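Asks: Residue numbers -19 to -1, 1 to 309, in mature numbering (1 follows the signal peptide of the UniProt record, and there is no 0), belong to the letters of the sequence shown in order. Can you read through this structure? Questions will come right after.
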Amino acid sequence: MLIIFSLFFPLFLLQLVLCQDFTNKTIKSELEDLRKDILSLRKPKKVSVFKCSRKNPKKRCASVVKLNNQEIYISPKHRLTTCVIQKNFSSMMIAIMCYLFDDKKFLEKHDHLADNEWSNMECRTSNFVRSNNEVIKKFNNNNPKNYLKKWQSILIVREPVDRFISGYMHHCSLELGSYKYTRKCFYCNGNLNCFVQNLYRVTTSNLKNVNNIDIFIKQHFFPQTWRCEYFQYKKFYKVIKYDASNLTTFYDSLIKILNKRKVSSEKIDYINKEIHTVKSYHATSGKKATIEFTEKLYKNANILDLLQRIYYPDFKEFKFPFPEVEKI
């Protein structure tokens, strides 16, 4: 509507001009102004492009880093693995893999998938390794070609800012954070700006600083592409995007993979029922404090800019749109 008005309003003015006793010079001037107005409508608006700079310390972005010590769970009978990334449906995914590994032993101790502790040593001592190479050696006769061809590995990823919010609220926030006064949260005492500035400093620093950081921060707040030997095995992974606002699509994708791996219908029914009805105790989405925190964060241009730089590899690799600051 505005474009139509912009096009025809100058014409209306021109008609008024022509109806009055103006000189030819005045008419030419009005016509030239009209021509410029029309041309300006054709020019596309400039879109602000997010840029990274290695030289400017305030404009750096995280690069590609390969972290050691992955968290991979295995179900050998289904030739299925998953590399766990914290805050990406991780607690439930560990429980699912432990259940698939030994359902009888699992159900002897737990009524629900959500009852499983991530540190369940009965499960971890049997079906947990630190690298894909370990899976190949221990569960596939040291045959890498067969592993890449016959096995399937699930990698669950999440929109970076959404994942950050979940991790920060659960562990480091002033309202809910259980580690806000500790090294696991940079000793920031629930101060968001302090935490994000420190996280930015580390993730855009050198490899030595990255490796020396607390493992808890690596697990919960480092870019997802740094985990799971991602760039080495990216063609092998079946990537599923976790979206707390659209869980139905996520659950359907997960169940589809389990069906393809020939998991029994009885086990799939149990898993499907559990993920739809029992929420993980670690979940933060939907809580009042999280909703209020999210609204404030998306109005903070400085924090959002730093988060885009911290998680730049994730935004680019998994094609998540860069977030926009909400107008106050």
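Heads up, the beta-carbon is just placed ideally off N, CA and C, and yes, glycines get one too. This structure is a prediction, so every number in the text was calculated from the model and none was measured.
Taking only the alpha-carbon atoms, compute the straight-line gap between ILE77 and ILE135 and give it to the nearest angstrom.
Replies: Rounded to the nearest angstrom, the two C-alpha atoms are 12 Å apart.
Asks: Output yes or no for whether 8 Å exceeds the beta carbon distance between PRO57 and ASP295.
Replies: No, these two residues do not count as a Cβ contact at 8 Å.
Asks: With 16 as the cutoff for other CB atoms within 10 Å, does ALA282 come out buried or exposed?
Replies: By the neighbour-count rule (16 or more Cβ atoms within 10 Å), ALA282 is not buried but exposed.
Asks: I need the straight-line Cα distance from PRO302 to ALA95, nearest angstrom please.
Replies: The alpha-carbon atoms of PRO302 and ALA95 are separated by roughly 31 Å.
Asks: Measuring straight from C-alpha to C-alpha, what distance separates ASN179 and ASN240?
Replies: ASN179 and ASN240: Cα-Cα distance of roughly 43 Å.
Asks: Could you have a look at SER134 and say whether DSSP puts it in helix, strand or coil?
Replies: Strand.
Asks: Please report how far the alpha carbon of VAL244 lies from the alpha carbon of SER34, in whole angstroms.
Replies: Cα to Cα, VAL244 sits roughly 48 Å from SER34.
Asks: Helix, strand or coil for THR206? Go by DSSP, reduced to three states.
Replies: Of the three classes helix, strand and coil, the one that applies to THR206 here is helix, per DSSP.
Asks: Taking SER234 as part of the alpha helix (DSSP H), name the residues at either end of that continuous run.
Replies: Residues 228 to 241.
Asks: Counting only the same chain and skipping the five closest in sequence on each side, list residues whose C-beta sits under 8 Å from that of ASN170.
Replies: Excluding sequence neighbours, ASN170 sits near LEU155, LYS161 and TYR162.
Asks: Using 8 Å for Cβ pairs, my map puts ARG208 next to ILE66. What's the rounded Cβ distance?
Replies: Right, their Cβ atoms sit about 5 Å apart.
Asks: Contact check, ALA43 vs THR184 under 8 Å by CB: the rounded distance?
Replies: Right, the Cβ-Cβ distance comes to about 4 Å (below 8 Å), so this counts as a contact.
Asks: If we ignore side chains and look at the alpha-carbon of each, how far apart do GLN133 and VAL116 end up?
Replies: Approximately 12 Å between the Cα atoms of the pair.
Asks: If contact is defined by three or more beta carbon pairs under 8 Å, each pair taking one atom from either stretch, is the region 145 to 152 in contact with the region 185 to 202?
Replies: Touching, per the Cβ criterion.
Asks: What are the start and end residues of each continuous alpha helix (DSSP H) run of 4 or more residues lying completely inside the region 66 to 129, in chain order?
Replies: You should have 71 to 82, 84 to 90, 102 to 108 and 113 to 120.
Asks: Specify the secondary structure class of ARG139 as computed by DSSP and reduced to three states.
Replies: Residue state, collapsed to three classes: strand.
Asks: Between GLU52 and ARG182, what straight-line distance do the alpha-carbon atoms span, to the nearest angstrom?
Replies: Looking at the two C-alpha atoms, the distance is approximately 25 Å.
Asks: For HIS110, is the classification buried or exposed, using 16 other Cβ atoms within 10 angstroms of its Cβ as the cut-off for buried?
Replies: Note that residue 110 is Val in the sequence shown here, rather than His. It counts as buried.
Asks: What does DSSP give as the partner residue(s) for MET218 in the beta ladder?
Replies: Before going further, note that residue 218 is Tyr rather than Met in the sequence given. Paired residues: SER134.
Asks: Name, in chain order, the residues that DSSP records as bridge partners for GLU64.
Replies: A quick correction: the sequence has Cys, not Glu, at residue 64. ILE53 and LEU136, per the DSSP bridge assignment.
Asks: Tell me which same chain residues have a C-beta within less than 7 Å of the C-beta of ASN190, skipping the five on either side of it?
Replies: Within the same chain, ASN190 has close Cβ partners VAL183.
Asks: Measuring only the C-alpha atoms, how far is LEU88 from GLU98?
Replies: Approximately 13 Å between the Cα atoms of the pair.
Asks: Below 8 Å between beta carbons: does that hold for residue 314 and ASN69?
Replies: Limits of the chain in this structure are -19 at one end and 309 at the other, which puts residue 314 out of reach.
Asks: Identify the continuous alpha helix (DSSP H) that holds THR163 and give its terminal residues.
Replies: THR163 -> no alpha helix (DSSP H), and no H or E assigned at all.
Asks: As a quick exercise: from TYR251, LYS308 and GLU276, pick the residue whose alpha carbon is nearest that of HIS91.
Replies: Ranking TYR251, LYS308 and GLU276 by Cα distance to HIS91 puts TYR251 first.
Asks: Grab me the residues of GLN205's own chain with a C-beta within less than 7 Å of its C-beta, minus the 5 sequence neighbours each way, in chain order.
Replies: Contacts found: ILE66, VAL138 and ASP295.
Asks: Beta-carbon within less than 6 Å of TYR223's beta-carbon, same chain only, minus the 5 sequence neighbours each way: which residues are those?
Replies: ASN69, PHE70, ILE137, ARG139 and PHE231, listed in sequence order.
Asks: Going by CA-CA distance only, name the one from LYS268, ASN122, ASP195 and TYR54 that's closest to SER107.
Replies: Nearest of LYS268, ASN122, ASP195 and TYR54 to SER107, Cα basis: TYR54.
Asks: So the candidates are GLU273, GLU305 and ASN253; which of them puts its Cα closest to the Cα of LEU287?
Replies: When only C-alpha atoms are compared, the closest one is GLU305.
Asks: Which residue wins for smallest C-alpha separation from ARG60, given the options TYR128, SER72 and ASN114?
Replies: Answer by Cα proximity: TYR128.
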